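What follows is a single structure, written as structure tokens, with notes after it.
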Amino acid sequence: MNLAYETSPYIRKDVSVKRMMIDVLIALTPVTVFACIQFKLKAIILILISVSTMVLTEVISLKVQNKKEFKNKFTINNILAPSISGLIFALLLPTGASLGMLCYATFICAFVGIFISKMVFGGLGSNIFNPAAATRIIFTVCFSSLLVYGVGATFDTFAGATVLETVKNGGIMAYKDALAEYSMLDLFIGKVPGCIGEVSSLLILIGAVYLFVRKSADWRPMISMLLSFTVTMFFVGLLYMGLVNNGLNPFEFTLFEVLSGGLLFGVAFMITDPVTSPITKGGRVLYGCLAGCLVAIMRLCSGLPEGVAYAILIVNACVPLIDYYKWSKSKYTFSLFLTVILIVASTIAICGGAVMKKNFNIVGIIFLCSIIVGLALLIYIKRRGAKHE
Amino acid sequence: MIEKTRIIKSDSKTLTRDLPSIRYVDPDYVYLPTNNARCNKGEIYIKEGDHVNIGDKIGKTFGSFFELPILATASGEYVGLKKMFHRSGKLVDCICIKNDKKDTFAPRLGIVPDEVINNYTQEDFVRITQENGLGGLGGSGFPTYIKLATKEKIDVVLANGIECEPYLTSDYRMMIEYPRRIWRGIIYVMKAVGAKRGIVCIKKKYEPVFRTLSAVMKEEEFQGYDLSVCNVGNYYPQGWELEMIKSALGIEVPQGVLPSKYGIINFNVATIVGIYKAIRYNMPVVKRFFTVTGYGVKYPHNFRIRVGTPVKELIDLCGGYTDDKDKVVVLGGPMMGKCFVKENVITSRTSTSVLVFNKEERKEEPCVRCGSCVYSCPAGLQPVQIMNAVKRKDKEAIKKLNIKSCVECGMCSYTCTSKIHVTEYMRKAKILVR
Chain E
0 MNLAYETSPY IRKDVSVKRM MIDVLIALTP VTVFACIQFK LKAIILILIS
50 VSTMVLTEVI SLKVQNKKEF KNKFTINNIL APSISGLIFA LLLPTGASLG
100 MLCYATFICA FVGIFISKMV FGGLGSNIFN PAAATRIIFT VCFSSLLVYG
150 VGATFDTFAG ATVLETVKNG GIMAYKDALA EYSMLDLFIG KVPGCIGEVS
200 SLLILIGAVY LFVRKSADWR PMISMLLSFT VTMFFVGLLY MGLVNNGLNP
250 FEFTLFEVLS GGLLFGVAFM ITDPVTSPIT KGGRVLYGCL AGCLVAIMRL
300 CSGLPEGVAY AILIVNACVP LIDYYKWSKS KYTFSLFLTV ILIVASTIAI
350 CGGAVMKKNF NIVGIIFLCS IIVGLALLIY IKRRGAKHE
Chain Y
0 MIEKTRIIKS DSKTLTRDLP SIRYVDPDYV YLPTNNARCN KGEIYIKEGD
50 HVNIGDKIGK TFGSFFELPI LATASGEYVG LKKMFHRSGK LVDCICIKND
100 KKDTFAPRLG IVPDEVINNY TQEDFVRITQ ENGLGGLGGS GFPTYIKLAT
150 KEKIDVVLAN GIECEPYLTS DYRMMIEYPR RIWRGIIYVM KAVGAKRGIV
200 CIKKKYEPVF RTLSAVMKEE EFQGYDLSVC NVGNYYPQGW ELEMIKSALG
250 IEVPQGVLPS KYGIINFNVA TIVGIYKAIR YNMPVVKRFF TVTGYGVKYP
300 HNFRIRVGTP VKELIDLCGG YTDDKDKVVV LGGPMMGKCF VKENVITSRT
350 STSVLVFNKE ERKEEPCVRC GSCVYSCPAG LQPVQIMNAV KRKDKEAIKK
400 LNIKSCVECG MCSYTCTSKI HVTEYMRKAK ILVR
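Top to bottom, those sequences are chains E and Y.
Heads up: the first sequence is residues 0 to 388, going by numbering that gives the first Met the number 0.
Heads up: the second sequence is residues 0 to 433, going by numbering that gives the first Met the number 0.
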């Protein structure tokens, strides 16, 4: 018997990264099962291809990167992490195109995506960008002709444009046309065309609640992303109703925007990825808020029908800035609160202006003034804080 | 998991919590360190072959701004210096006394009558605690007389009986077995600093202690004093003085400011008992409560030991180690204690327990930036950022991230999902910017 040397503390909490990852896989299960029932063989094949490609790419590049230390470095997490990314990527795929083309595209994108966004940066824990989101962007950019959305086998509707594409083409009021075709309940349970995993809001919410209960994901970015998006959409709807067309019901409009597209999927499974998020409470709130506002801007101002993946990639790039040691604080501060409000207010101004076009004058001026006042206040607080130090 | 960890879930206290302490005060040799964590220099007044009595002044240690006498804790023959490991982790020269087991006391020891104590001024209290070499017995070893000599106006005396680390039960047993000594000690401290209130802080789940202390408080000799028992939280590190003051009185003392500025003076309960003995019997800390526990010893137990007893003897008393697997021997608590690889370790006044763990293999995985350490840090630091700054040797960032307020409580390592030893990086950071 020997006395071994250790340094304090000598006990550890019974937690592991493995458990966190398995929890994410479990949370994804309802969505995955629903996708397999809906899209049958196509979904199963795509998921298998995506997951196996990502796992193999990660293991092989780990082997190449650490020739001798491979045995020490390799853990179960090197299989679980890429399978989560692979599963999420597969669930973000549309199924309208032919199976052969889709398989080819999935394989190429999964390989390139995880290699560029994760392995190049140093593998697990070192990646800056969310691998699933990055892979999805590569797919959108390289294979845009394949973005044809199929509809589930169990529902008797035709394939074609998603509800958000309808709104994109027909202007903001077109949400009423979309709602005439699919009811709010259809949107909620997933009876609409869309990507294989993100159509059913109900099952996504179940997964999110599971993650929350198990504390395997942080609720702060989730809630702040959802809230900032909802608030922005609601106020834009309100302004539109008041100034342009009083036929728009802001409550209905907001609910429609929240339930359609990939927002909830992004909120539940992509923004919560700990590796690519900031590490402080306040930073995470800011991160989620930025993501939510960016999604709103992309939906209302850009040429894209939706942009959850883009939004997440852009905020991923902001994380080192949020985490910079000179201003990251481990507790909530008043200036953080003010920053969040400023971001949401400016988003409302930008989106409102873009949606209303002609009637921008009044809204724009009011909001720009309020933003300037807010910024001045923020700078004043910072100055005063610096003096105190 | 991604959450704030406050409570260390563990049933480790049940190993020894309900075991009455065993009196073990007759080791063959007693070892007294000539220097320790706070005092790096010492001198000895006796030579080999001299006979010493309990309470004899046999040496002196010098700290940065104070000096404390070394007092014999056993009677017998001084047989020379011997190198032994001390709680601070250093190999120090120890005065070795061959115990004659007769327990002869130095002439100055003896019961001091109440009338004399009632006439003591603050200077007298300070002088007696200094003469008896009292230091914080919870582990800090901060000299008691300096705390007592405060010039601030003190309102409250807080006794820290929280013992927030898992496994440790020595203060718990002491409060159950000798509750009167604690109240008497608190009353002496109240007299010394002119405080109005005396409060013992214990964990909420320590119901037996609460009942014992409350029952004793109602006895006649304690009437007329504003005494109370305060139940504080069960979490870790509730025993950190700033956390304790916040929970008990609702006052947030900033780090680096002495609590006496806010009218608070706080002692560990063991120190309170030490003060009681010093004032009442003019006696130094000769015996103390000590726990030998952990899943690596056969029969964990509580002891009342003579200060200076070698740890090996106590482990043997507990039936030795459980098996032949590798063990980790820790002096102190599981979160902040000190590990020893040799068996020639001595108990000092500031050591509360010995823990024996079975060696566990832990594999560090890459950090996934889950943020648990940031959420859990009681000092409000960002351990993961400091760790990354240490890896890239960025001294400016380490300073800006306020490493100096780290108390090395061990929470960041404990809560890490990737099993990274974050606390070790905190220590490296402190060394880097020192």
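Note that beta-carbon positions come from the ideal geometry of N, C-alpha and C, so glycine has one too.
A quick note: this is a predicted structure, and the numbers were derived from the prediction, not measured.
_Against chain E, which members of the region 197-231 of chain Y pass a CB distance test of less than 7 Å?_
If the cut-off is 7 Å between Cβ atoms, the region 197-231 of chain Y has nothing near chain E.
*Cutoff 7 Å; reference E:Ile313; Cβ partners in own chain excluding five residues on either side*: The answer, listed in chain order, is Leu293.
*Note down, in chain order, each residue of its chain lying with its Cβ closer than 7 Å to the Cβ of E:Cys300, except the 5 sequence neighbours on either side.*
Within the same chain, E:Cys300 has close Cβ partners Ile349, Cys350 and Ala353.
*Taking Y:Asp323 as the reference, which of Y:Met334, Y:Met335 and Y:Val355 has the closest Cα?*
In this structure, Y:Val355 is the residue among Y:Met334, Y:Met335 and Y:Val355 with its C-alpha nearest to the C-alpha of Y:Asp323.
*asked:* Rounding to the nearest angstrom, what Cα-Cα distance links E:Met20 and E:Ile278 in this structure?
replied: If I take the Cα positions, the gap works out to 18 Å.
*Option in Y:Ile21, Y:Ser20 and Y:Thr4 with minimal Cα separation from E:Asp13*: Of the candidates Y:Ile21, Y:Ser20 and Y:Thr4, the one whose C-alpha sits nearest the C-alpha of E:Asp13 is Y:Thr4.
*Nearest-angstrom Cα separation, counted from E:Gly193 out to E:Phe157*: Confidence in E:Phe157 is poor, its pLDDT being 47 and thus under 50, which makes the residue's placement unreliable; the coordinate value appears in the next sentence. E:Phe157 and E:Gly193 have their C-alpha atoms roughly 12 Å apart.
_Residue range of the unbroken alpha helix (DSSP H) whose run includes Y:Asn387_ = In this chain, the alpha helix (DSSP H) harbouring Y:Asn387 covers Pro382 to Lys390.
*Under the three-state reduction of DSSP, which class applies to Y:Ser9: helix, strand or coil?*
The three-state secondary structure of Y:Ser9, taken from DSSP, is coil.
*Can you name, in chain order, every residue of its own chain whose Cβ lies under 7 Å from the Cβ of Y:Ser246, other than the five neighbours on each side?*
Val231, Gly232 and Gln237.
_Closest Cα partner of E:Arg18 within the set E:Gly122, E:Arg213 and E:Phe187_ = It is E:Arg213.
*When DSSP builds the beta bridges, which residues end up paired with Y:Met83?*
For Y:Met83, the beta-bridge partners assigned by DSSP are Y:Val91.
*C-alpha gap between E:Ala177 and E:Leu247, whole angstroms*: Distance between the alpha carbons of E:Ala177 and E:Leu247: 13 Å.
*Reduced DSSP secondary structure (H/G/I, E/B, other) of E:Pro304*: Annotated three-state conformation of E:Pro304 is coil, per DSSP.
*For Y:Met335, return the contacting residues in chain E, with the cut-off set at a CB-CB distance below 9 Å.*
The contacting residues are Ser7 and Pro8.
*Any residues in the region 13-26 of chain E with a beta carbon nearer than 7 Å to a beta carbon of chain Y? Which ones, in chain order?*
Within the region 13-26 of chain E, Val14, Ser15, Val16 and Met19 place their CB atoms closer than 7 Å to a CB of chain Y, listed in sequence order.
*Using a Cβ-Cβ cut-off of 7 Å, state whether Y:Tyr234 counts as contacting chain A.*
Going by chain labels, chain A is absent from the structure shown, which instead holds the protein chains E and Y.
*Is E:Phe211 helix, strand or coil by DSSP?*
DSSP places E:Phe211 in helix when its eight states are reduced to three.
*Measure the alpha-carbon distance for E:Asp155 versus E:Glu180 and round it to whole angstroms.*
In this predicted model, E:Asp155 has a pLDDT of only 45, less than 50, meaning its place in the structure is not dependable; the value taken from the coordinates is given anyway. Approximately 12 Å between the Cα atoms of the pair.
*From the beta carbon of E:Asn1, is the nearest beta carbon of chain Y less than 7 Å away?*
Interface residue, yes.
*Please indicate yes or no: does the CB of E:Asn76 lie closer than 6 Å to some heavy atom of the ligand SAH?*
The ligand SAH is not part of this structure, which contains no ligands at all.
*Using a cut-off of 9 Å between C-beta atoms, extract the partners of E:Ser223 located in chain Y.*
Neighbours of E:Ser223 on chain Y: none; closest Cβ ~15 Å, over 9 Å.
_Please classify Y:Gly75 as buried or exposed, where buried requires at least 16 other C-beta atoms within 10 Å of its C-beta._
It counts as buried.
*Taking all protein chains shown into account, do 16 or more other C-beta atoms lie within 10 angstroms of the C-beta of Y:Pro283, making it buried, or fewer, making it exposed?*
Flag for Y:Pro283 reads buried.
*Rounded to whole angstroms, what's the CA-CA distance from Y:Thr149 to Y:Glu220? Just pull it up for me.*
About 27 Å.
*asked:* Looking at chain E, is there any beta carbon in it that lies within less than 7 Å of the beta carbon of Y:Lys81?
replied: Output row for Y:Lys81: interface = no.
*So which of E:Tyr286, E:Phe333, E:Tyr331 and E:Thr139 has the shortest CA-CA distance to E:Phe311?*
At residue 311 of chain E the sequence reads Ile, which differs from the Phe that was named. Nearest of E:Tyr286, E:Phe333, E:Tyr331 and E:Thr139 to E:Ile311, Cα basis: E:Tyr286.
_I'd like to confirm the pairing. Which residues does DSSP put opposite Y:Leu400 in its beta bridges?_
None, per the DSSP bridge assignment.
*How about Y:Lys481 and Y:Glu363: do their beta carbons lie closer than 7 Å?*
For residue 481 of chain Y there is no data in the structure shown, the boundaries of chain Y being 0 and 433.
*Kindly confirm or deny that the region 165-175 of chain Y and the region 201-210 of chain Y touch, where touching means at least three C-beta pairs closer than 8 Å.*
With a cut-off of 8 Å, the region 201-210 of chain Y and the region 165-175 of chain Y count as touching, because enough Cβ pairs lie within range.
_Tell me which residues share the same chain as E:Lys402 and place their Cβ nearer than 7 Å to its Cβ, disregarding the 5 neighbours each side in the sequence._
Residue 402 of chain E falls outside the range modelled here, since chain E spans only 0 to 388, and no answer is possible.
*Mind pulling the chain E residues with CB within less than 7 Å of Y:Phe356?*
Per Cβ cutoff of 7 Å: Tyr9.
*7 Å Cβ cutoff, Y:Asp10 in contact with chain E*: No, Y:Asp10 lies away from the interface with chain E (no Cβ there is under 7 Å from its Cβ).
*Decide if Y:Tyr44 is buried, meaning its Cβ has at least 16 other Cβ atoms within 10 Å, or exposed.*
Taking every protein chain shown into account, the CB of Y:Tyr44 has fewer than 16 other CB atoms within 10 angstroms, so this residue is exposed.
*asked:* Counting only beta-carbon separations shorter than 7 Å, does Y:Val421 have a partner in chain E?
replied: For Y:Val421, the answer is no, since every Cβ of chain E falls outside 7 Å of its Cβ.
*Is it buried or exposed for E:Ile83, if we count other Cβ within 10 angstroms and need 16 for buried?*
Buried, since its Cβ has 16 or more Cβ neighbours within 10 Å.
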